[in-house]
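Using mature numbering (1 follows the signal peptide of the UniProt record, and there is no 0), the letters of the sequence shown map in sequence onto residues -20 to -1, 1 to 367.
All residues carry an ideal CB built from backbone N, CA and C; glycine is no exception.
What follows is a short report on a single structure.
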Amino acid sequence: MTKLALILFLVLTCTDGGAGNAEERLVNFLLGPERYNKLIRPAVNKSQQVTISIQVSLSQLISVNEREQIMTTNVWLFQEWNDYRLRWDPAKYGGIKKLRIPSKLIWLPDIVLYNNADGVYEVSFYCNAVVSSTGDIFWLPPAIYKSACAIEVQNFPFDQQNCTLKFRSWTYDHTEVDLILTSDYASRDDFTPSGEWDIVSLPARKNEDPNDITYLDITYDFVIQRKPLFYTINMIIPCVLITSLAILVFYLPSDCREKMTLCISVLLALTVFLLLISKIVPPTSLAVPLIAHENDFQSGAVRRQHSNVGLGGIQTDSDSVYVNEEVVRRCYWKRDNIPDGPGGIPDFQGPLALQWEADLEEAVDGVRYIAEHMKMEDDDEGIIEDW
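Below is the structure:
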């Protein structure tokens, strides 16, 4: 029994060694310096095109930076082509039909992301390429791309964006390399769902220029829809509540002291929401979010009430409220010369001046605190970006 086990062990060892020697001989045969040059395009002659099949597989939509208009994605870039120099007869090499070869040892199509936003054109990791005995090469490198994306902000936060990934060969033109699509859509087989965006569709297209036979690119359109739940709870609902408070301002009597306080509070809240919106959406003049228009409208209405309350000519008696026509005429129709105070500065301490009260000063302090806090956040973000 012991002799039988020893014989079986020796047979298995010799068999494994033979397979290892066959694979080593095959690699040396294929990549020998006298036979293979990775700098040369795998074409039989100069006029032959090398056909490369491409497909993008979306693994994760990492983020969409609206301010910088950059989309960050984690993708796998599938590429397949044929290299006639990497063919062999499996019968001569122990029946080996596939090899895993480091991708940097063979010729690679220099397919890069043309519309990148960070200067990184290449893939993240040069993984092994799978080479078959027929010369077909399969290469599936992972990549984290930051691509430029024009953000449409008009319907924020119920917006839909269309961001593109454009792939081209860096040095080879269409007469040397032909790019074809494996599928009309990007793959989502291993996609991890995003908490902020829904994937609507991922169509792909091949672009050629009839006036330029050398131009060719593969473009993927990432059509994504924002999930509005977060912004509805934290922005839309508070904005609606503040709008209802702004409407209540019109129902308070003009001589009510609390009307001034409510006007200032509503204006302060609307200003905070405008600051939040301005930090999210990109600073573009092409379109303004509808929610910003709504805040501007409400701010204008509240300011109108504020100016009416601040009109110094409002006087009251026991039964009625009336407006001093002389004061209205001075404020809205005609401004008499205001006497200068010390230093040539106009004296606004007359009857038209509005005396600031404690609640108004608190509101101004609140605005000042918010402005300083926003400035500190901008400074911190600048330091983080520098590091």
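- Beta-bridge partners assigned by DSSP to residue 148: 92.
- Here residue 9 is near residue 68, since their CB atoms are less than 8 Å apart.
- Secondary structure of residue 70 (DSSP, three-state): helix.
- Under DSSP, residue 220 forms no beta bridge with any residue.
- Note on geometry: alpha-carbon atoms of residue 167 and residue 101 lie some 21 Å from one another.
- Residue 123 is bridged by DSSP to 55.
- In the three-state scheme derived from DSSP, where H, G and I count as helix and E and B as strand, residue 143 is classed as strand.
- By alpha-carbon distance to residue 211, the top candidate from 261, 115, 48, 125 is 261.
- Residue 180: member of the beta strand (DSSP E) spanning 177 to 181, first to last residue.
- The Cβ atoms of residue 35 and residue 172 lie no closer than 8 Å to each other.
- The three-state secondary structure of residue 174, taken from DSSP, is coil.
- Excluding the 5 residues flanking it on each side, residue 33 has same chain C-beta neighbours closer than 6 Å at 60, 160, 162, in chain order.
- Within its own chain, the residues whose Cβ lies closer than 7 Å to the Cβ of residue 112, once the five positions on either side in sequence are excluded, are 77, 78, listed in chain order.
- Secondary structure of residue 9 (DSSP, three-state): helix.
- Contact between residue 206 and residue 177 holds: their C-beta atoms lie close to 6 Å from each other, under 8 Å.
- With contact defined as three or more Cβ pairs closer than 8 Å, the region 104 to 121 and the region 244 to 259 are not in contact.
- Taking the Cβ atoms as the reference, residue 89 lies roughly 12 Å from residue 103, outside the contact range of under 8 Å.
- Within the DSSP bridge table, the entry for residue 33 names 60, 160 as partners.
- For residue 210, the three-state secondary structure derived from DSSP is helix.
- Between the region 190 to 207 and the region 131 to 151, the count of C-beta pairs closer than 8 Å reaches three or more; the two stretches touch.
- Taken atom to atom, the span from the alpha-carbon of residue 109 to that of residue 191 is near 36 Å.
- Following the DSSP letters along the chain, one finds residue 22 in no beta strand (DSSP E), marked with neither H nor E.
- Assignment of residue 227 by DSSP, reduced to helix, strand and coil, places it in the helix class.
- Residue pairing of residue 79 in beta bridges, as defined by DSSP: 111.
- Contact between residue 154 and residue 199 is ruled out by a C-beta separation of about 15 Å, above the 8 Å threshold.
- Between residue 71 and the set 136, 62, 58, 3, the nearest pair of CA atoms involves 3.
- Each residue's CA atom was taken as its position, placing residue 75 and residue 22 some 25 Å apart.
- When DSSP states are grouped into helix, strand and coil, residue 65 belongs to the helix group.
- The residues 36, 53, 55, 93, 95, 125, 127, 199, 200, 202, in chain order, have a CB closer than 8 Å to that of residue 145 in the same chain once the five nearest residues on each side in sequence are set aside.
- Residue environment for residue 223: buried (at least 16 other C-beta atoms within 10 angstroms of its C-beta).
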